[in-house]
Amino acid sequence: MSVKFEKETTVKTTEGLANAAAGLAGKGMDKDAVLKNVGNALSKGSGGVNGYLAAYLKQLQQNPLRTKMLTSGTLAGLQEFLASWIAHDRSKSGNYFTSRVPKMAIYGAFISAPLGHVLITILQKMFRGRKSLKAKILQILVSNLIISPIQNTIYLISMAVIAGARTFHQVRATVKAGFMPVMKVSWIVSPISLAFAQKFLPEHTWVPFFNIIGFIIGTYINSHTKKKRLAALRRKHYGDGSGRSQAGGGTRPGDDYDRPRY
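FYI, UniProt numbering numbers position 82 of the sequence shown as 82, with every residue one higher than the one before it.
Here's what the structure looks like:
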């Protein structure tokens, strides 16, 4: 029954998209109008009559901050869990659900989401109604030179505190070590994702869209960093004998405060 239902849903969705595109093309509508209507067909064609995506977007419009907090908190916690699972970075009890998972969820919900909501709302208000190429390029520059540095600095401070930093010197060391590597990633990813959002997405979906992009990239980089650190600890432990193994009660990889996230 479930296979039949999924097939029927897929067929109906595909037919709806094809009919929408064909009808618009027959009316001589431009490419932007076609893309917009195809996007609407996609959002309505999944998950029942109204669609899960349509329901989510409705909540995003009615309760923007709350929806963004729930989204960001869930993605941040899931990112940490997946990165630990991919890198085989277990807690002392042997679980992938480490103490960092709920801490990251709290960070995502109560720090990252409100900060992103405020900064991107300001950015959108600054450029509202300005559709020229010059305005779009300027928006990308403001995002990369002002918005991203603020977000990344808060991110690194939060990661330092989550990892155990308790003094200003420890927090500053984390920010100093991680700021430029994080900014380099932002300067590569942010212009592409922002240009895509400008072209295809309504403004109220920008923060969740950027959260998803950050989730994918963050999971990869986080897991890669964990793998490198675990390998370094193994070399140190089995190479010169000066390291402490995890089983022997030593520090769990990633628990030291001064590890840069990227």
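Yeah, the Cβ is synthetic: ideal placement off N, Cα and C, and Gly gets one too.
The three-state secondary structure of residue 164, taken from DSSP, is coil. With a cutoff of 8 Å on beta-carbon distance, residue 73 and residue 113 are scored as near each other. About 10 Å separates the CB atoms of residue 70 and residue 105; that is not less than 8 Å, and the two are not in contact. Taking a cut-off of 8 Å on C-beta distances, the segment 56-65 does not touch the segment 89-105, as fewer than three cross pairs fall below it. Following the DSSP letters along the chain, one finds residue 136 inside the alpha helix (DSSP H) bounded by residues 133-142. Secondary structure note for residue 103: its alpha helix (DSSP H) is the uninterrupted segment 100-107. Contact check for residue 193 and residue 213: beta-carbon distance about 5 Å, within the 8 Å limit, so the pair qualifies. In the structure shown, residue 228 adopts helical secondary structure according to DSSP, grouped into three states. Judged by beta-carbon spacing, residue 219 lies beyond the 8 Å limit of residue 179, meaning their Cβ atoms are not closer than that value. Between the alpha carbons of residue 124 and residue 182 lies a distance of about 23 Å.
For residue 211, the three-state secondary structure derived from DSSP is helix. The beta-carbon distance between residue 101 and residue 127, rounded to whole angstroms, is 36 Å. This is too long to meet the 8 Å contact definition. Cβ-Cβ separation between residue 191 and residue 140: approximately 5 Å, consistent with a contact (criterion under 8 Å).
For residue 91, there is no enclosing alpha helix (DSSP H), as DSSP gives it neither H nor E. Counting only the Cα atoms, residue 167 lies some 27 Å from residue 227. A distance below 8 Å separates the beta carbons of residue 201 and residue 209. Bounds of the alpha helix (DSSP H) holding residue 121 are 113-126.
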